[in-house]
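Asks: Taken in sequence, the protein lines are chains H and S.
Okay, so the first sequence: first residue is 331 according to our numbering, each after it adds one.
Okay, so the second sequence: first residue is 10 according to our numbering, each after it adds one.
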Amino acid sequence: MGGCAATDTVDGDGYGEVYDPIEPVNRVIFAGNEVVDTILIRPVAEAYRDYFPEPLQNRARDILRHLRSPLILANELMQGDFEGAGNVLARFVINSIAGLGGFIDVANHNGQGIPFENEDFGQTLAVWGVDAGPYLVIPIIGPSNARDAAGLVVETLADPIGIWARFADSAVLDGFQYGRLGLSIIDARARTISALDEVRATSVDFYATMRSLYSQFREAEIRDGEIEQDIPDIPDYTDFEDESEEPVTTEPARGDEVSELPPVPRLDLRPDVNR
Amino acid sequence: MRWASYLLLTLLVVFPAGKAAATQDEAAAQALVRNLGDEAIELLRETSASSAGTVAGVRDLFRTSFDVPTIGQFALGRHWRTATDAQRQEYLALFEDMVVETYARRFEGYDNQTFVVDGSRPEGERDVMVRSRILDPNGPPVEVNWRVRDRGAGNLQIIDVMVEGVSMAVTQRNEFSSIIQRNGGNIDALLQAIRDQIASLRAGG
Chain H
331 MGGCAATDTV DGDGYGEVYD PIEPVNRVIF AGNEVVDTIL IRPVAEAYRD YFPEPLQNRA
391 RDILRHLRSP LILANELMQG DFEGAGNVLA RFVINSIAGL GGFIDVANHN GQGIPFENED
451 FGQTLAVWGV DAGPYLVIPI IGPSNARDAA GLVVETLADP IGIWARFADS AVLDGFQYGR
511 LGLSIIDARA RTISALDEVR ATSVDFYATM RSLYSQFREA EIRDGEIEQD IPDIPDYTDF
571 EDESEEPVTT EPARGDEVSE LPPVPRLDLR PDVNR
Chain S
10 MRWASYLLLT LLVVFPAGKA AATQDEAAAQ ALVRNLGDEA IELLRETSAS SAGTVAGVRD
70 LFRTSFDVPT IGQFALGRHW RTATDAQRQE YLALFEDMVV ETYARRFEGY DNQTFVVDGS
130 RPEGERDVMV RSRILDPNGP PVEVNWRVRD RGAGNLQIID VMVEGVSMAV TQRNEFSSII
190 QRNGGNIDAL LQAIRDQIAS LRAGG
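1) Could one say the Cβ of Leu401(H) lies closer than 8 Å to chain S's Cβ atoms, at least one of them?
2) Can you give the Cα-Cα distance for Arg421(H) and Val125(S), rounded to whole angstroms?
3) Counting only beta-carbon separations shorter than 8 Å, does Gly174(S) have a partner in chain H?
4) For Ser6(S), which three-state DSSP category applies?
5) Do we get a CB-CB distance below 8 Å when we pair Glu447(H) with the residues of chain S?
6) Looking at the unbroken beta strand (DSSP E) that takes in Ile168(S), where does it start and where does it end?
7) Since Arg510(H) contacts Ala375(H) with CB under 8 Å, what's their CB separation in whole angstroms?
8) What are the start and end residues of the alpha helix (DSSP H) that includes Gly410(H)?
9) Roughly how many angstroms lie between the CA atoms of Asn388(H) and Ala38(S), to the nearest whole one?
10) Return the chain-ordered ranges of every alpha helix (DSSP H) run that is complete within the stretch 463 to 547 of chain H and spans a minimum of 4 residues.
11) DSSP three-state label for Glu447(H), please.
12) Return the CA-CA distance between Leu101(S) and Thr368(H), expressed in angstroms with no decimal places.
13) On the three-state DSSP scale, how would you describe Asn147(S)?
14) Short of 9 Å Cβ to Cβ, which residues in the stretch 177 to 190 of chain S face chain H?
15) Is Thr111(S) closer than 8 Å to Leu543(H) when the C-beta atoms are compared?
16) Roughly how many angstroms lie between the CA atoms of Arg372(H) and Phe536(H), to the nearest whole one?
17) Closer than 7 Å to a non-hydrogen atom of the ligand NAD - does that hold for the CB of Ile393(H)?
18) Would you say Asp169(S) reaches chain H, if we count a Cβ-Cβ gap shorter than 8 Å as a contact?
19) If you compare alpha carbons, which of Asn438(H), Leu397(H), Val467(H), Asn448(H) is closest to Tyr350(H)?
20) What is the DSSP secondary structure of Trp155(S), reduced to helix, strand or coil?
21) Along the chain, where does the beta strand (DSSP E) that runs through Pro131(S) open and close?
22) Determine the contact status of Leu403(H) and Ser514(H), defining contact as a CB-CB distance below 8 Å.
23) Taking contact to mean 3 or more Cβ pairs, one atom from each stretch, closer than 8 Å, check whether the stretch 65 to 84 of chain S and the stretch 189 to 196 of chain S are in contact.
24) Is there a Cβ of chain H sitting closer than 8 Å to that of Phe124(S), yes or no?
25) Could you tell me the alpha carbon to alpha carbon distance between Arg156(S) and Val436(H), rounded to whole angstroms?
26) Could you name each continuous alpha helix (DSSP H) segment of 4 residues or more that falls completely within the stretch 170 to 196 of chain S, going from the start of the chain to the end?
27) Is any beta-carbon of chain H found at less than 8 Å from that of Gly133(S)?
28) Taking C-beta to C-beta, are Ala142(S) and Pro150(S) nearer than 8 Å?
29) List the residues of chain S that Leu543(H) touches, going by C-beta distances under 8 Å, in chain order.
30) To the nearest angstrom, how far is it from the Cα of Gln122(S) to the Cα of Asp145(S)?
31) Would you call the CB atoms of Ile552(H) and Gln442(H) closer than 8 Å?
32) Could you say which of Ala361(H), Thr539(H), Asp380(H) lies nearest to Val175(S) if we only look at CA atoms?
33) Please identify, using Cβ separations under 9 Å, the residues of the stretch 61 to 85 of chain S that lie next to chain H, in order along the chain.
34) Return yes when the Cβ of Ile516(H) is within less than 8 Å of the Cβ of Phe363(H), no when it is not.
35) Reducing DSSP to helix, strand and coil, say where Val436(H) ends up.
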C-alpha cells in the first residue's frame with residue numbers, strides 16, 4: 331500500500347516506470363484511438379465547445395455530474411470518506427431542489443460552496459490497497475489500467491439508471507443512457523482539447539507521456555488532491571567523478587527517514603555545463 | 010552536568026531543527042515563486058510581439074529560478090550513470106533548449122490568467138513545496154505546486170513543478186526512459202529525438 335502504487339521501483343528511488351507489460355498492443359490501440367479521435371471525437375467536441383452555447387454546456391456538465399451522485403456517494407462510503415459522502419449528499423439534495431433537478435450546480439456557484447469531487451470504483455479499489463496492475467489502453471476510452479478498467483465495469487453494471495433501464499426494457503431509457511454516454515464523452519473531450527493538443531505538440535513520445543500523466547493524475551485523484559506526503563527525493567546534480575562512496579553531508583542524520591541513496595556532494599557545476 | 014545534556018537532547022528532539030529557520034526558508038521560497046510569476050507576466054507584456062524575445066526571456070527566467078542540471082540529471086534517470094561526459098554535456102544543453110522552447114510556446118497561449126501563491130510546507134529534508142493557483146477567467150483554476158530546494162545563503166532554486174498533482178520532472182523522466190528503452194538503451198537516440206523535437210518546436214509545431 332505504498333504511496334506510489336502506479337509506479338514500481340526498478341530504479342530503487344521510488345520514481346520507477348509505469349508497469350506496461352503489453353506495451354506493443356497498447357501502442358497499437360493508442361494509435362487506433364488517435365485515428366478515431368482525429369476523424370470523429372475531436373471534431374465533434376470542438377464544434378460542441380465552439381458553437382454550442384456555453385451556458386448549455388455548463389448545464390450539460392452539471393446534469394452529467396448530478397446523475398453520477400449515487401455512484402459517487404457509494405464510493406465515498408466504501409472508501410470510509412464520510413465527510414466526502416456528506417458533501418455528495420448535500421450537493422445532491424441542494425441541486426435536486428434548488429438546481430431544478432440537477433441542471434444547475436447551485437451547491438457550487440462561481441467556485442463558492444461545495445465543489446464537485448469525482449470518485450469512482452477504481453479509486454475505491456486503490457484505497458482498499460489494490461495496485462494499479464498493468465497499464466492498459468482501452469479502445470475509444472483511452473489510458474487506463476487493470477484496476478481502473480475493473481472499476482469501470484463495476485460502475486457500468488452498478489449505475490442505478492442503467493439497472494432501471496435493463497429491468498424496465500424501455501426504449502426511451504435505453505436511448506437516454508446512450509445519449510448520456512455520448513454526451514459524457516463529448517463533454518470530457520471538449521474540456522481537454524487545448525491541454526491535449528499542447529501535450530501532443532510538446533512531447534517527444536506522446537504515448538509514453540500520456541502513460542505517465544494518466545498514472546500520476548490517477549494517483550492524485552486517489553489522494554483526493556492532497557499533496558503527496560513523503561514524495562521521494564530528487565538527488566542534487568553531481569558530476570560523474572564526484573559520485574564517491576564517501577558520504578559528504580553537512581546535515582545531522584535524522585533517524586526517522588531511511589534514504590536508499592548515499593548522500594551526494596552538493597557541487598554546483600552549472601557554469602561549466604551551460605555557458 | 011549530565012542532566013543538562015539530557016535536557017538539551019530532549020529539547021532538540023521535542024523542538025527539532027529550528028522552526029523559525031524553516032519558516033524563513035518557506036517565506037524565501039514563496040518569494041521566489043511569486044517573483045517568478047511576476048517576471049513571467051512582465052515578460053508576456055513586453056515581448057508579446059517577438060517570439061525571439063520570448064525565448065531569450067524564458068531562458069533567462071529558467072536559468073535564474075530553476076536548477077537545470079539537477080532536473081536534467083533526474084529526468085535521465087538511471088541512464089545518467091551510463092552516459093559519457095560528452096553525452097551528459099550535450100544532453101543538458103539540449104534539455105535546457107527543449108524546456109525553454111516548450112515554455113516559450115506556452116506563453117503564446119496566454120490569455121489574462123493571473124497567478125496567486127497560497128502557501129507552502131516543508132518537503133522532505135531540504136525542500137519547500139510552494140502552493141499556487143493559476144486563475145483562468147474562462148475556466149477552473151489550475152493548481153500548481155513548486156518544489157524549491159534551499160541550499161542556504163539565499164540560494165534557492167526550483168527543482169520540480171507539479172501541475173494538478175502531476176510532476177513535470179517525473180513525466181519527463183518516464184518519457185525519456187521509454188525513448189531510450191525503445192532504442193535498445195541507446196542514449197544517442199534520445200539526444201536525436203530531443204534535437205528533432207526542438208526543431209519542430211522552433212518551426213512552430
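Heads up, the beta-carbon is just placed ideally off N, CA and C, and yes, glycines get one too.
Every value quoted in this text rests on a predicted model; they were computed, and no experiment measured them.
Replies: With the given structure in hand:
1) no
2) Each residue's Cα considered, the two are about 28 Å apart.
3) yes
4) The shown model of chain S, from 10 to 214, leaves out residue 6(S), and the question about it has no answer.
5) no
6) 165 to 172
7) Actually they are not in contact, since the Cβ atoms of Arg510(H) and Ala375(H) sit about 16 Å apart, beyond 8 Å.
8) Careful: Gly410(H) lies outside any alpha helix (DSSP H) and carries neither H nor E.
9) 38 Å
10) 476 to 488, 490 to 498, 501 to 520, 523 to 532
11) In this structure, Glu447(H) counts as coil in the three-state DSSP scheme.
12) 35 Å
13) Three-state DSSP puts Asn147(S) in coil, outside helix and strand.
14) Correct list: Ala178, Val179, Thr180, Gln181, Arg182, Asn183, Glu184, Phe185, Ser186, Ser187, Ile188, Gln190.
15) no
16) 17 Å
17) For the structure depicted, the ligand NAD is absent and the ligand set is empty, with no information on it obtainable.
18) yes
19) In the sequence on display, residue 350(H) carries Asp and not Tyr. Checked all of Asn438(H), Leu397(H), Val467(H), Asn448(H); the closest Cα to Asp350(H) is Val467(H).
20) strand
21) For Pro131(S), the enclosing beta strand (DSSP E) starts and ends at 123 to 132.
22) no
23) no
24) no
25) Roughly 36 Å between the two C-alpha positions.
26) 177 to 191
27) yes
28) Looking at the sequence shown, residue 142(S) is not Ala but Arg. Yes. Within cutoff.
29) Val175, Thr180
30) 5 Å
31) In this structure, Ile552(H) sits away from Gln442(H), with a CB-CB distance that is not shorter than 8 Å.
32) Thr539(H)
33) Answer in chain order: Arg72, Asp76, Val77, Pro78, Thr79, Ile80, Gly81, Gln82, Phe83.
34) The question names Phe, but residue 363(H) is Asn in the sequence shown. The answer is no: Cβ separation not under 8 Å.
35) DSSP places Val436(H) in coil when its eight states are reduced to three.
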